[in-house]
Every structure is written in structure tokens, then in C-alpha cells.
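Residue numbers (my numbering), protein chains in the order written: chain P, 203 to 568; chain X, 28 to 398.
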């Protein structure tokens with residue numbers, strides 16, 4: 203590497219890090235965001251407001267209802283005698299209402315018709331689905347308890363959860379959020395870099411400097427790749443220290459995955475900055491990449507759920523590969539087959555994106 | 028000094044409109060992006076977990092084991108595959124080729140026949156929580172079906188629940204995602220567009236120029252924001268048409284109320300963008316702050332995917348500072364539940380207060396900087 207190029211890279215780094223606002227946004231914001239999202243988000247649905255309706259003296263129903271509140275998922279909703287259950291849901295005071303059969307639960311069950319009615323506010327479909335699943339498991343456990351062997355099924359599943367036996371949401375979500383933050387930072391840093399130079403007229407100065415096209419491109423990308431890697435190291439450390447997310451696989455796998463990913467996003471960002479005519483356009487371009495990349499990455503909902511045609515698009519999302527890689531390396535110990543196949547895909551994208559950026563960049567220079 | 032003059036604000040707005048019209052790229056994107064993204068992700072996002080690869084290690088090979096596999100496959104949630112020799116089901120979980128594994132013991136069929144209580148081991152990949160939780164939820168239903176088919180008699184249903192889903196009886200994910208997506212995209216675009224446009228004036232130094240003219244600060248701000256407000260509202264209209272026609276999202280409530288909610292929300296987002304641009308004055312930092320305070324919080328903390336009520340107490344209060352949280356509640360309430368102003372008083376109040384607060388902060392900062 204020659205001296206001019208080294209100096210150029212150093213200048214870019216100094217210029218980016220000189221600004222206090224930029225330093226805070228680069229190194230403070232990711233840690234704060236990781237903490238907030240790690241603490242706040244949970245895939246488990248909790249605090250469901252449940253109201254129960256029964257005739258006085260229905261002891262069996264009251265025991266079942268008590269099981270609901272004891273599960274920890276439901277909160278009690280109190281209401282005035284004579285209120286309409288539907289009205290409770292309409293007004294948003296209850297998310298679900300459990301209603302006892304008319305003649306009392308024990309009486310109905312004895313006649314083979316022990317049906318409880320469960321009204322669920324399905325304006326939030328995920329929540330409604332969770333409420334139904336909870337209710338089913340609570341009721342079948344209650345049935346087994348009330349009726350002993352008669353209520354117990356003959357076939358049982360012995361369920362074991364691997365990698366994250368306590369099913370802690372942060373184990374699953376924090377690695378995803380890490381990938382997202384690294385993606386966000388690198389795109390923001392690079393999407394405007396050249397556009398801004400051009401808008402401010404400093405681009406001509408660079409072009410007239412004694413540097414080849416390749417050197418200019420390297421000088422404009424290498425610093426951001428370094429910053430992106432520093433950021434990745436920062437969030438992994440923060441995730442490990444703050445949330446105890448394990449790093450079960452080797453560190454070199456993590457480092458290679460981060461490198462391939464950061465090269466890809468920096469190239470995409472640089473490509474955007476060569477195409478955009480103003481910083482506003484660059485921002486829109488960055489948004490157009492970031493928004494789909496995050497939604498299709500599998501961080502928030504599984505990629506497998508999507509329709510086939512859309513899965514095909516998700517396979518073009520670098521963030522999806524990166525999230526798969528960090529989850530596999532951190533939680534599962536980095537199975538080599540998964541590692542090389544996903545890293546290979548990511549590396550291909552990195553090469554393609556860098557090539558595109560280089561091509562556009564040369565056109566812009568000439 | 029004289030008061031607010033609508034003509035001067037109008038003049039600024041006209042200049043801004045011309046600026047946008049000259050840039051067809053921004054114009055098309057601002058108008059087209061919301062519709063495009065809503066359509067695409069309306070199809071893409073589906074919370075129902077299905078077609079999960081299930082690695083099966085069948086040591087029994089009897090008729091009952093075969094039937095059990097059939098039951099898993101006919102549920103539609105699982106896609107059973109025989110475990111690969113060598114790696115075994117756990118190896119398949121390690122490499123992500125399966126998300127769950129089923130172990131059937133050698134005497135499974137015999138035990139079923141003789142009538143005792145039988146166990147099958149079911150192992151889940153816990154590295155994806157949401158999937159694992161959903162799969163666990165499917166087990167009771169499969170257990171019931173399996174018992175009915177294997178032993179010939181359904182388990183006694185002494186107590187059961189009959190669930191009625193209100194407002195969205197078929198639990199159509201789209202009805203729930205599309206209004207939420209619209210909120211996120213519209214909010215973000217408003218924040219980013221305004222943050223950038225005002226920051227640009229500072230960066231170019233044209234803000235000082237504007238201020239030295241008789242135009243008053245409030246007039247500048249209204250003039251600069253109004254065109255973007257109109258642009259974004261046009262986007263809202265397109266999104267509305269798409270969600271009604273393409274996704275068949277019901278609209279139970281009042282359109283007028285929905286319009287009011289949109290107006291309030293767009294105002295809040297524009298104020299947020301304005302506040303950012305007054306604070307940082309550089310387009311790059313403005314974009315960064317816009318993305319940080321807009322993109323991730325509105326996707327993750329607004330209740331779009333993760334319900335606010337499930338968060339720890341502190342964050343249930345913290346999210347009250349986010350306009351999309353309130354708009355999400357209002358939009359879902361109006362479209363699906365047909366809620367009126369009475370039920371939505373809190374979200375409306377929240378949006379109003381947030382807009383007012385951010386606008387005031389921005390104005391104060393703007394004025395102190397001038398003096």
C-alpha cells in the first residue's frame with residue numbers, strides 16, 4: 203500500500219471521527235439501541251387483559267380461571283356486574299374474555315359438553331394466536347387435573363428445547379439487532395459520502411489529486427469498512443456483556459462473517475452515493491435498501507413463512523445471510539456447513555456489489 | 028414586527044414545490060415508495076409458522092410410527108424428513124436443515140397396541156424463539172389428532188374452549204400488518220424528507236439568507252413543511268387504496284376520523300424531522316438521527332410486531348414518546364374495530380401532545396440560535 207493511499211485513508215477516518223455528533227452516533231447510539239431493544243423486546247406475549255364471566259358458585263370454573271391468572275401471561279380485568287363481555291373488548295379494556303357455560307362448568311362437563319367460551323380481540327393477529335395457544339394448554343392441563351387419568355391423553359410428547367432452553371427472547375433477538383445496527387451504520391456512513399463531496403465541490407480536489415481510480419475508491423471505502431468492523435466488535439461485546447449472549451463458535455468465523463458483510467454494505471452504500479444526484483436522493487436510496495433488508499432478514503419473523511416468490515427476493519438480502527451466520531455462530535457453535543455456505547453467498551454478494559460500485563465509480567470519475 | 032403572513036409562507040411553499048418537481052426521482056419515490064413497500068411486505072409478512080422441516084428418527088418403523096408422521100405432515104405445519112444417517116436429527120438442527128426433531132422409540136407401535144401411555148420425544152431449535160414457541164403451541168392439537176387416530180378413540184374432551192376471534196375471525200395476518208406497515212413507512216418518509224430539506228438550507232448557507240429577508244421563522248417552517256405534508260398525505264391515499272383493493276383490509280370506522288389521525292401523525296413526524304434538522308444542521312447527521320430515532324424504534328417499539336403490552340413496565344412508558352405507537356393503535360382501532368373518538372382519546376391526545384412538544388422545542392431552538 204503506498205503512502206498517498208495510506209494518508210488518504212487516514213484523512214477520511216479523521217474527518218469522520220472529528221465531529222463529536224458523529225462519534226456519539228457511531229459508537230454511543232448502537233450500544234444504547236442494543237440495550238433498549240434487548241430489554242424491551244420479547245417474542246413472548248405477556249400482560250394479556252383477561253376478564254372472566256361466570257355464575258356465582260361455579261367452583262370448578264373458578265379453579266380453571268385461577269390457572270389462567272397463575273400462568274403469568276394474563277392480568278385480571280375487573281368489571282361492574284351486568285356489563286356486556288363484548289363491550290369490554292370493544293372499549294379495549296379486555297383483550298380476551300372467558301365465559302363459563304350456562305349451568306356451571308362441572309354440570310356441563312358431566313353431560314359431555316364442558317365448553318368454555320373464549321372471546322379474543324383479534325385486531326392484533328399475533329396476540330390473538332398466542333392467547334388461543336395459551337388457553338388451550340391451560341385448559342387441557344386443568345382438564346387432566348380435574349378428571350385425573352380420565353382426562354389425561356395416552357400419547358405424550360416429551361419436549362426439549364435446544365440451544366436456548368429457557369427460551370429467553372434476548373438470546374434470539376439480540377444477535378439479530380446486532381446485524382441490523384451494523385447494516386444501518388455502514389449504509390448511513392457511505393450512502394452520502396461521494397454525493398456530499400460532489401455537492402460541496404470538494405470532489406474535484408480529490409480527482410485532481412495524484413491518485414488512481416482504484417486508490418480513490420479504496421480511500422473512500424476502506425475507512426468505512428474499518429469503522430463497520432469496529433462497530434461489529436462493539437455490538438458483539440455489548441451483547442455478550444450486557445445480555446450474556448454466548449459466543450459458542452470460534453471468533454474467526456465471526457470476524458470473517460462480519461468482514462464479508464461489511465464489505466457488501468459499504469459497497470452498496472458507495473454504489474448509492476455514486477448514483478444519487480443529491481444527498482436527499484442518497485438518503486432515499488439508503489432507505490430503499492435498508493427497509494426491505496431489515497424486514498426480510500428473518501430478524502422479526504421467519505423467512506420460511508413468506509410466499510415462495512418473495513423468499514427468492516430474500517435470498518438477495520445480505521443481512522439475511524449475516525443474521526443467519528451470527529445466530530448460528532453465537533448460539534449453536536458455528537456448524538461448518540452452515541458457515542461456509544452462508545459465507546460463500548455473502549462473499550459472492552460482496553464481490554458483485556464491490557464490482558458494481560467500482561464500475562459506477564469509474565463512470566462518475568470520467 | 029408583524030404577525031404570521033400566509034402569503035409569505037405560501038411563497039416559500041411554492042419555491043419548495045418547484046424544488047421537488049424539478050427532482051422527479053425524489054417525487055416518484057416519495058409518492059411511490061409507500062405503495063410499493065406496503066404491497067410487497069403485505070404479501071411477505073406472515074406470522075403463521077408453517078412448512079417447518081421436522082427431522083424424524085424412526086426406530087420403530089411400525090404402522091403407528093408411520094401414522095404419527097402422517098399426522099404431523101397433514102397438519103400443514105410440519106414437513107417430516109427422515110433423519111440423515113450419520114449426522115442424526117440433532118446434527119440436522121445444528122446445521123439448520125431442520126427446526127424440530129421427533130424421536131420415535133423402538134417399541135412405539137407395540138406399546139400403542141397394548142394400550143398404555145406412550146411417549147415420543149420432540150426436540151425444538153430454541154435459537155429461534157418465536158418459531159419454537161409457535162411450534163409448541165401446535166403440539167396439543169397434534170397430540171389430540173394422533174391419539175384419535177392411533178388408539179381409535181378421541182381423548183375425552185371434558186373441558187374445552189371454543190374460541191371466537193373478534194374483528195378478524197380468520198386471523199388474517201394481512202389485516203393486521205398492512206395498517207401497521209403504512210404507519211411506519213409514512214412516518215419515516217416524513218421524518219427523513221423534512222430533516223433533510225431543512226438541514227440542506229443550513230448546509231448551503233441559504234437559511235441565513237432567508238432569515239435576513241422579511242420572512243419570519245414560523246412562515247419559513249410552515250412553508251417548507253406544508254408541501255412535504257401534502258406529498259406524504261397523497262402517499263397515504265395511495266396506500267389506503269392498495270390496502271382496501273389488494274388486501275381487502277376492512278374499514279369499520281369513520282374515514283373522517285382516520286384522516287384526522289393521519290394528519291396528526293404526519294404533523295408529529297414532520298415536527299420530529301424539523302427538530303432533528305434544527306439540532307444538527309448537516310444532512311448526513313440528520314439522516315443518521317432520522318434513521319436512528321425513526322426506523323428502528325418505529326419498527327420494533329411501536330407495537331407493529333412486538334406488542335407494547337408485553338414489554339417491561341419502563342418501556343411501556345418509554346414508548347409513549349414515539350408517535351408511531353399512538354398512530355398504530357389509532358389506525359388498527361379505526362380500521363378493524365371501528366373505534367370512535369371516545370375509545371381513541373388517549374392515542375389522539377398522545378399524538379397531539381407529541382407534535383406540539385416537538386414543534387415548540389424546534390421553534391425555541393430555532394429562535395435562540397438566531398439571537
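Glycine included, each C-beta is placed from N, C-alpha and C at the ideal position.
### Query
With a CB to CB cut of under 7 Å and the five nearest residues on each side skipped, what residues in its chain are close to residue 351/X?
Scanning its chain for C-beta atoms nearer than 7 Å, with the 5 sequence neighbours on each side dropped, one finds around residue 351/X the residues 210, 211, 214, 325 and 329, in chain order.
### Query
Roughly how many angstroms lie between the CA atoms of residue 564/P and residue 421/P, to the nearest whole one?
Spanning the two alpha carbons is a distance of roughly 14 Å.
### Message
Let's see if you can read the secondary structure: which residues bound the beta strand (DSSP E) around residue 106/X?
### Response
Its beta strand (DSSP E) spans residues 105-109.
### Query
Along the chain, which unbroken stretches of the alpha helix (DSSP H) at least 4 residues long are found entirely within the segment 231-267 of chain X?
Correct list: 233-238.
### Message
Strictly under 8 Å for the Cβ-Cβ distance: is residue 270/P near chain X by that measure?
### Response
Residue contact check for residue 270/P against chain X: no CB pair falls below 8 Å.
### Query
Would you say residue 70/X reaches chain P, if we count a Cβ-Cβ gap shorter than 8 Å as a contact?
True, the Cβ-Cβ gap to chain P drops below 8 Å.
### Task
Verify the CB distance criterion: does residue 314/X have a CB-CB separation below 8 Å to chain P?
Closer than 8 Å: yes.
### Query
How would you list, in chain order, the residues of chain P whose beta-carbon sits under 9 Å from the beta-carbon of residue 146/X?
Taking the beta carbon of residue 146/X as reference, the chain P residues within 9 Å of it are 357, 358, 359 and 360, listed in sequence order.
### Query
Going by other Cβ atoms of all chains shown within 10 Å of its Cβ, with 16 needed for buried, is residue 331/P buried or exposed?
Buried, since its Cβ has 16 or more Cβ neighbours within 10 Å.
### Message
Can you confirm whether residue 414/P, when its beta carbon is compared against all beta carbons of chain B, has any partner nearer than 8 Å?
### Response
Judged by its chain identifiers, the structure shown contains no chain B, and its protein chains are P and X.
#### Entry: Endpoints, beta strand (DSSP E) assigned at residue 191/X
Counting along the chain, the beta strand (DSSP E) containing residue 191/X begins and ends at 186-193.
### Query
I think residue 619/P touches residue 299/P, with their Cβ atoms under 8 Å apart; what is that distance to the nearest whole Å?
Here chain P covers residues 203 to 568 and nothing more, so residue 619/P does not appear.
### Task
Report the partner residues of residue 313/P according to the DSSP bridge assignment.
Bridge partners of residue 313/P according to DSSP: none are assigned.
### Query
Which bits of chain P does residue 307/X rub up against, with CB to CB less than 9 Å?
Those are 223, listed as they occur along chain P.
### Query
For the alpha helix (DSSP H) that contains residue 251/P, what are its first and last residues?
Going by DSSP, residue 251/P is part of no alpha helix (DSSP H) but of the beta strand (DSSP E) stretching over 250-255.
### Query
Which residues, taken in chain order from the segment 156-172 of chain X, show a beta carbon closer than 9 Å to some beta carbon of chain P?
Answer in chain order: 156, 157, 158, 159, 160, 161, 163, 164, 165, 166, 167, 168, 169, 170 and 171.
### Query
Helix, strand or coil: how does DSSP classify residue 246/P here?
Residue state for residue 246/P is assigned as coil, using DSSP reduced to three classes.
### Task
Given a cut-off of 8 Å, decide if residue 540/P and residue 522/P are closer than it, judged by their beta-carbon atoms.
Cβ atoms of residue 522/P and residue 540/P: not closer than 8 Å.
### Task
Spell out a yes or no on whether the segment 336-343 of chain X and the segment 245-254 of chain X are touching, meaning 3 or more CB-CB pairs, one atom from each, closer than 8 Å.
Touching, no.
### Query
In whole angstroms, what is the alpha-carbon distance linking residue 290/X and residue 258/X?
Taking the straight line joining both Cα atoms gives about 12 Å.
### Alpha-carbon spacing of residue 202/X relative to residue 195/X, whole angstroms
Roughly 8 Å separates the two Cα atoms.
### Task
Assign residue 85/X to one of two classes, buried (16 or more other C-beta atoms within 10 Å of its C-beta) or exposed (fewer than that).
Classification for residue 85/X: buried.
### Message
Quick check on residue 397/P: buried or exposed, where buried means 16 or more other Cβ atoms within 10 Å of its Cβ?
### Response
That one is buried.
#### Entry: Partners in chain X for residue 510/P, counting only beta-carbon separations shorter than 8 Å
Going along chain X, no residue has its Cβ under 8 Å from residue 510/P, so there is no contact; the nearest lies around 10 Å.
### Task
For the beta strand (DSSP E) holding residue 281/X, just list the boundary residues, first then last.
Taken as a continuous stretch (DSSP letters only), residue 281/X belongs to no beta strand (DSSP E), as it is neither H nor E.
### Task
Check the DSSP bridge columns for residue 146/X and list the partner residues they point to.
Beta-bridge pairing links residue 146/X to 358/P.
### Task
Examine chain P for any beta-carbon lying closer than 8 Å to the beta-carbon of residue 199/X, and answer yes or no.
Yes - at least one Cβ of chain P is within 8 Å of the one on residue 199/X.
#### Entry: Rounded C-alpha distance that separates residue 28/X from residue 329/P
Bear in mind that the predicted position of residue 28/X carries a pLDDT of just 47, short of 50, making it unreliable; the figure below should be weighed with that in mind. Straight through space, the alpha carbons of residue 329/P and residue 28/X are spaced by roughly 56 Å.
### Message
Using 8 Å for Cβ pairs, my map puts residue 559/P next to residue 469/P. What's the rounded Cβ distance?
### Response
About 4 Å separates the CB atoms of residue 559/P and residue 469/P; that is less than 8 Å, so the two are in contact.
### Message
What would DSSP say about residue 292/P, mapped onto helix, strand or coil?
### Response
In the three-state reduction of the DSSP assignment, residue 292/P falls in the helix class, which pools H, G and I.
### Query
Nearest to residue 553/P by alpha carbon, out of 478/P, 440/P and 473/P?
Of the candidates 478/P, 440/P and 473/P, the residue whose Cα lies closest to the Cα of residue 553/P is 473/P.
### Query
Nearest chain P C-beta to residue 28/X closer than 8 Å, yes or no?
With a pLDDT of 47 at residue 28/X, under the threshold of 50, the modelled position of that residue is not reliable, and the figure given next carries that caveat. Cβ-Cβ to chain P under 8 Å: no for residue 28/X.
#### Entry: Per-residue contacts from residue 534/P into chain X (C-beta, under 9 Å)
Simply 120, 121, 122, 123, 152 and 154.
### Query
Around the C-beta of residue 255/X, are 16 or more other C-beta atoms found within 10 angstroms, so that it is buried, or is it exposed?
Residue 255/X comes out buried.
### Message
Less than 6 Å between C-beta atoms, sequence neighbours within five positions excluded: which residues of the same chain meet that for residue 367/X?
### Response
Excluding positions up to five away in sequence, the list is empty.
### Message
For residue 218/X, which residues in the same chain have their Cβ closer than 6 Å to its Cβ, ignoring the five residues on either side in sequence?
### Response
Shown here for residue 218/X: same chain residues with a beta carbon closer than 6 Å to its own, the five before and five after excluded, namely 296, 299, 300, 317 and 321 in chain order.
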